[in-house]
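So for the sequence shown, our numbering puts the first residue at 292; every next one is plus one. From the three backbone atoms N, C-alpha and C, an ideal C-beta is built for every residue, glycine too. Note that the structure is a prediction, hence the values are computed from the model and not measured.
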Amino acid sequence: MWTLTPDLREWRNDGDIRLVDLWEQEYKRARLPACLPMNPILSKQEDSILYMTLPDYYKDDKGLRSSEVQLQNS
């Protein structure tokens, strides 16, 4: 993830998030499809929280649903 420095002059790499690590997070129990996350949004209220959406829809035992993923980078 990249962060713009307070003086707005450069971007700083704060670390990488590997896709394999995403699938090992707590939401794996929700049986979400292992696909490429999209639309990353950083939380304004909590540091180290990154929200992402998963593409399209998927079907599970509750019917057709869309997905939103929350990742906490600790």
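Tell me the rounded alpha-carbon separation between residue i and residue j.
| i | j | result |
| --- | --- | --- |
| R320 | P328 | 17 Å |
| G306 | S339 | 11 Å |
| M343 | L295 | 20 Å |
| D312 | R322 | 15 Å |
Check for me: the alpha helix (DSSP H) holding residue i runs from which residue to which?
| i | result |
| --- | --- |
| E333 | First, the residue type needs correcting, since residue 333 is Leu and not Glu in the sequence shown. No alpha helix (DSSP H) holds L333; the beta strand (DSSP E) holding it covers 329 to 333. |
| L295 | Counting along the chain, L295 falls outside any alpha helix (DSSP H), though it belongs to the beta strand (DSSP E) covering 293 to 295. |
| L299 | Note, L299: premise wrong, no alpha helix (DSSP H); not H, not E. |
| D312 | 310 to 314 |
Quick one: measure Cβ to Cβ for residue i and residue j, integer angstroms, because I've assumed they're closer than 8 Å.
| i | j | result |
| --- | --- | --- |
| R303 | W293 | 7 Å |
| L345 | L333 | Not really, about 18 Å apart at Cβ, beyond 8 Å. |
Identify, in the order they occur along the chain, each residue of the same chain with its Cβ nearer than 8 Å to the Cβ of residue i, setting aside the five sequence neighbours on each side.
| i | result |
| --- | --- |
| D298 | none |
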